[in-house]
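Residue 1 is where the sequence shown starts when you use full-length UniProt numbering, and the numbers rise one by one after that.
Just so you know, even glycine gets a beta-carbon here, dropped at the ideal spot from N, CA and C.
This report refers to the structure that appears directly beneath it.
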Amino acid sequence: MSKMRFLTGYPPELVERVERLLDNGELAPWLAKRYPERNDIQTDKALYDYVIEIKQRYLKNAPQPARVQYDNQLDLIGGTLGTNTFASRVQGSKLKRKNEIRIATLFRETPPEFLNMIVVHELAHLKEKDHNKSFYQMCCHMQPDYHQLEFDLRVWLTLREYS
């Protein structure tokens, strides 16, 4: 398995730069300087309130998530940092649709910008199921520096894995 598995698909010169910073012990200080704060949203209730606030600001017509919670079962090895599940159930003569957003527990440790990025990602799935152009446009509408934050999160995950 590659040392830079979270950075596959990025230009080789960028990956080599991150690897050099990691090998020279400069990656942790760089990230700490760039993202000095720690996320203070630690409970499922606080996470739910945070997600609903962002949803109301940007996606008023999207369905309301029935549950939002941290999930320590999400598999970082498989690359899953958050999930958005939809379930349809028959209740009497009506079809009820309910969705849940689960965020990997490791986001309790991340800077708030990374939590915001994953929340924006999962909220965008309320409107767009696939990772297509309109999905990423929606992410960038809610979080203008979405792509930079996604890259920096991948760098943070790399550092976390090799520290």
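By the Cβ-count criterion, Val120 is buried, with 16 or more other Cβ atoms from all chains shown falling within 10 Å of its own Cβ.
Our two residues, His141 and Leu22, have alpha carbons roughly 32 Å apart in a direct line. For Arg34, the uninterrupted alpha helix (DSSP H) segment begins and ends at 27–34. A direct Cα-Cα distance of roughly 15 Å separates Ser134 from Tyr58.
With contacts defined by Cβ atoms closer than 8 Å, Asp152 and Arg34 form a contacting pair. Restricting attention to alpha helix (DSSP H) runs no shorter than 4 residues, the UniProt domain "YgjP-like metallopeptidase" (91–153) encloses them at 112–124, 133–142, ordered along the chain. In this structure, DSSP gives Asp40 a state outside helix and strand, which the three-state scheme calls coil. Secondary structure of Gln73 (DSSP, three-state): coil. For Asn99, the closest alpha carbon among the candidates Val155, Phe6, Lys129 is that of Lys129. A direct Cα-to-Cα measurement between Leu95 and Asp40 gives close to 38 Å.
Pairing Leu159 with Ala28 gives a Cβ-Cβ distance under 8 Å. The Cβ neighbour count for Thr43, taken over all protein chains shown within 10 Å, is under 16; the residue is labelled exposed.
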